[in-house]
Structure formats: C-alpha cells, structure tokens
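Colleague:
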Amino acid sequence: ERDELYVDHVYDMIVVSNRLPVDYQEGPGGETHWKSSPGGLVTALEPVMRAADGAWIGWTGVADRDFDPFEHDGISIIPVPLSADELEEYYEGFSNDTLWPLYHDVIAPPSFHREWWEAYVRVNRRFAEAAARAASDGAVVWVQDYQLQLVPRMLRETRPDLVIGFFNHIPFPAYGIYSQLPWRRQVVDGLLGADVIGFQRAADAGNFSRAVRRLFGYKTHGTIIDTPAGNGETRRVVARHFPISIDAAGFEAIARRPDVQARAREIRESLGNPETIMLGVDRLDYTKGIRHRLKAFNELLRDGRLKVEDVTLVQVASPSRERVETYRQLRDEIELAVGRLNGDFSTLGHQAVAYLHHGYPREEMVALYLAADVMLVTALRDGMNLVAKEYVACRFDADGVLLLSEFTGASDELRQAVLVNPHDIEGLKDAIVESVQMPKRERSRRMRALRRRVRENDVAKWSATFLETLTGAGIIAPGVSDP
Ligand code: GDG
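Here the sequence shown is numbered in this note's numbering, starting from 76 and rising by one per residue.
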C-alpha cells in the first residue's frame, strides 16, 4: 500500500543513474519530445530491462523542471528533478570538481566545499527515495557511478528487502589519495549499503577493500567484505571487478556498412591521403592525456622522425563540462598547443593536426575509426576507456594499431595493444614511431587477438555477469560482530 500512494506501478528491476538514457528536445515551434541518447549502458541494459519489467531513474538533463514518469521505447522512465543550484553544487561541484579529480589520482587538484557535500547528500537522498518508491518487494536496484555513492546505504535503511548493486565507472584511488576526502567514511559507508560493489579493475576493488579496512576495520577476504548487520550478524558485501565493455557486434555492423566505408575513404582523401592517419577521440578532459599526445607528436615532427607530409593526427575533442573552470583552462591549453603545432609544422597541402571540438554521430565516429591507421589512447587515468574497445570492434579488416595507456582499465584486457606510459614522453614517442612503422603481419596478428577479446567480453556479458553475482549475493551469515 506504501507504493500505491505515490506511483501507479512498481518494478522488479531498477537502474539508477545520474543521467537518464533520454534527452529532452524542443523543436523550433515549441514542440517537445524525448530522444534516446544511445550510450553503451542503454544497449547493455535494454534487453534486461524489457525482460524484467524495469524502470530507469535519473535526471533528464533539464534543470528546474519537474517531469512525470513516462514510457520511452518500452522502458519506464522516472525523472528526478534537479534545481540549477543543485546542478552546480552536486553535479558540477562535488561530482565533477571533487570526486572526479580525486578518483583520477589528483591529476587536477580536487576542490573540497562543505556546501557541495551537503548538496550531494541531499540529491543522493532524492534518488534513493525515488528508487524506494518505485521498487517492488525484493526488487533488484542497480545504482550507477560516482555521483550516487550514498544511494546504496540510504536505500538499505528504508528498504532492507531490496537487492542492491552498485557499479563505479571510474577508478577507485589508492587509500593515500582517497583519504584526502573529508567525507571519506560517509562515502565508503554509503557504498557498503550495496550487496555487490563493482569496479572496472581488480586494482580498484583492492583499493576499495583497503579503504574499508583502514576506515572501519572490517574483515575482508578476497572479494568478500564482512560488514556488521546489527544483532551480531554479518552481511557479506562483494567488491570485485566487472570490466565494462561495448556492443561489439553493433559497432562492427556499422563498420561493415558500405556508406560508412565510403565515408572513411572520403575522410582520408579530404586529409590529402597521407600515408598514416593517427586518431584521438576523447571528451575534452584532463584525464585523457591529450597534452602528452600533442607534446610527443610535436617533438617527433620537430626532430624529423615523422614528416607532416606522411602523418596527420585527427583529434576529436568532444565538448565536456564546459561550466567547470578546470575544463575551460584545459580547452585553452589544448587549443594553444594545437595552434602552435599547426603553425610550426603544417604546410598549405598538409595539416599536422585536424582538431575537432565537436560531438559526432556514431556513424561518423566509426568512419573515423576505419580511416585511422593508429589509434592513440594516452589517458593518464581512465576507468576503462571504451574508445579503445570501439576501435578494435570496428576493425573487421584486422588492420590498424591500438596504442594504449597502461593507466586505462582497458589495458588489463587488451594486452596485444602497444602499451605505453604516457608520462614517459620519450617512451611515448618511440611507441608512436613503432606503431606507424609496424609491419602489416604484426598489425593483423595483434588486431586479431584484440578483436577476439572484445568480441568475447562484450557489454551484454558485463551486465549478465554483474546481475548474476548480484542475485546470488546478499548472504547474511551469523557470528561476526562489529569490531
Ligand atoms: C566513463 C569513464 C569508462 C566521445 N565523443 C563522441 C562520442 N564519444 C563516445 C565514445 C565512447 C564514449 O563517448 C566515451 O567513453 P570512454 O570510456 O572513452 O570515456 P568516458 O566518457 O570518460 O567514460 C571511462 C566509461 O565511463 C564506461 O564505464 O570506460 O573510463 O571515464 O563510447 O565513442 N560518441 C559520439 N560522438 C562523439 O563525438 N557519437
């Protein structure tokens, strides 16, 4: 009867994420509609959601607006409102200017503000309440990412019947860094409300377990954490890695389309058919190592190890978090570096860097992947990096070289890539030259191995593995008390 007061329907499976998988669109005549924003998460969860009578809870992308729940493409959507102030403090502030830099090894300095934290708590509570209202008895609730780390605990307190999962899409840092967070106990305790806490890499899960031991002294063994459940009982929490992936078959299908292949040829031509096209695709973010990439390329051109007639770098830097100051500064720095590089090395016929500060449709991204001989992924820290997997999935011709930073989650799996430490500029330069000059046989040997890996571990497998672990979890064992 609790539920009927608030919503007309309850769900057996709920996904909670900061952002809904739909965008609100307003036409020139004021007409409005919802459009899917086809991310990997939607592709992964769509079949699961349909099969399980699922609902998706999240923010619509429009501040200061209240929307009623609705159906979109067979999925129930439950919008959570955010005010413009909350957007600034909870999202741009605490999520993107405190947690994001902290969890990415303080590549940029994190800002700690008590008002941001208060907004984070408030908004997390709103998401948790929405989930508590919409969940059926014993429902599975799967909470996504660092914006919502307090939701598992808040949910468990009001709805102990639920099976609660959490997946962290970004790294979890070593304790020496994590411990800077003034609210380090609250955040870890928030996560421990879940039955299963998923991370990208084994190292992230290890860092989390260590934080649990240091902050709470709970016993951990392997991927199991014993937490006190009250009255002398122990509740087992699983913390382990579930490396996320992509819809590999979907990407390959786009890559096999004749129009997309024609577009790839057109891209090469428009760049003057250079011998080698190198490609970078990143949100314009300081974690992605774009500056390091440009520096290495600059020096290679300067020292004559690469020639602008032979090699062009295409850098897609999709606009990101443009209201956060660090991101504005980064954009200026990158664009200054690109401008200098082109000024110094471009000729009238050959551009050193084709820099694109745009977002593109997926087909265009795939055409770029097909056009690129060398894919540069030089992130300084990255939870997984899906771009690396997308490049591999698209190369059904078993050609192309993936140069991949060791600081990405993807590097745990994609061992046949040319692995680099992007901080080591000399090493990066050598790896770029090695990639450019790699013989065809070697390229296809590596690419075949990479493709096997990405095909076998696609995103459907990721969600299935997580959900299997989750539904098998939630074990209460007697005997271990609160230390
Ligand atoms: C976070 C973690 C983790 C980019 N520009 C365009 C475009 N993209 C697409 C890519 C890719 C996605 O955005 C970016 O995913 P990444 O994994 O590379 O990086 P983050 O955005 O930082 O994602 C990351 C991920 O979450 C999943 O858990 O792997 O480590 O940081 O799919 O293709 N797509 C289109 N146009 C663009 O201009 N269509």
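Just so you know, even glycine gets a beta-carbon here, dropped at the ideal spot from N, CA and C. Given the structure is predicted, the values throughout are model-derived calculations rather than measurements.
1) For F283, is the classification buried or exposed, using 16 other Cβ atoms within 10 angstroms of its Cβ as the cut-off for buried?
2) Kindly indicate which three-state DSSP category S112 falls into: helix, strand or coil?
3) Report the three-state DSSP secondary structure of D172 (helix, strand or coil).
4) Helix, strand or coil: which one does DSSP assign to Y435?
5) Tell me the DSSP secondary structure of N199 in three-state form.
6) What alpha helix (DSSP H) runs, 4 residues minimum, are completely inside the segment 235-273?
7) What is the rounded straight-line gap between the Cα of D557 and the Cα of M459?
8) Tell me, to the nearest whole angstrom, how far the beta carbon of I321 is from that of E465; I am working on the premise that it is less than 8 Å.
9) Below 6 Å CB to CB, which residues in the same chain sit around A119 once its five sequence neighbours on both sides are set aside?
10) Suppose contacts are defined by Cβ-Cβ distances below 8 Å. Is A371 in contact with I507 by that definition?
11) Using 8 Å for Cβ pairs, my map puts G347 next to G424. What's the rounded Cβ distance?
12) Report back the beta-carbon spacing between M353 and L388 to the nearest angstrom; my notes put them in contact at under 8 Å.
13) Out of I132, Y99, Y86 and W175, state which residue places its alpha-carbon closest to the alpha-carbon of T401.
14) Starting from Q491, trace the alpha helix (DSSP H) both ways and give me its first and last residue.
15) Measuring from the CB of R437, is there a heavy atom of the ligand GDG at a distance below 7 Å?
16) Determine the closest residue to L503 out of H188, V91, R523 and T453, with distance taken between C-alpha atoms.
17) With distances taken between CB atoms, is the gap from A412 to L369 smaller than 8 Å?
18) Reducing DSSP to helix, strand and coil, say where V391 ends up.
19) Please list the segments of the alpha helix (DSSP H) lying wholly inside the segment 90-161, counting only runs of 4 or more residues, in order along the chain.
20) For Q219, list the residues DSSP reports as bridge partners.
21) Is the beta carbon of D357 closer than 8 Å to that of A581?
22) Is L545 near V123, with beta carbons less than 8 Å apart?
23) Helix, strand or coil for A183 per DSSP?
24) Quick one: using the 10 Å Cβ neighbour count with 16 as the cut-off for buried, is N306 buried or exposed?
Modeller: Put simply:
1) buried
2) coil
3) helix
4) Three-state DSSP puts Y435 in coil, outside helix and strand.
5) helix
6) 250-253 and 259-266
7) With a pLDDT of only 38 at D557, under the threshold of 50, the placement of this residue in the model should not be trusted; the figure read from the coordinates follows. For D557 and M459, the distance between alpha carbons rounds to 35 Å.
8) The beta-carbon distance between I321 and E465, rounded to whole angstroms, is 6 Å. This is short enough to meet the 8 Å contact definition.
9) Answer for A119: V534 and S538, listed in chain order.
10) yes
11) Between G424 and G347 the Cβ distance is about 6 Å, and since that is below 8 Å, they are a contact.
12) Right, the Cβ-Cβ distance comes to about 5 Å (below 8 Å), so this counts as a contact.
13) T401 has its Cα closest to that of W175, out of I132, Y99, Y86 and W175.
14) Unbroken run through Q491: none, as it is neither H nor E.
15) yes
16) Of the candidates H188, V91, R523 and T453, T453 places its Cα closest to the Cα of L503.
17) yes
18) strand
19) 115-126
20) As computed with DSSP, Q219 is found in a beta bridge with F242.
21) An answer regarding residue 581 cannot be provided, because it is not within the stretch 76 to 558 covered by the chain.
22) no
23) In the three-state reduction of the DSSP assignment, A183 falls in the coil class.
24) exposed
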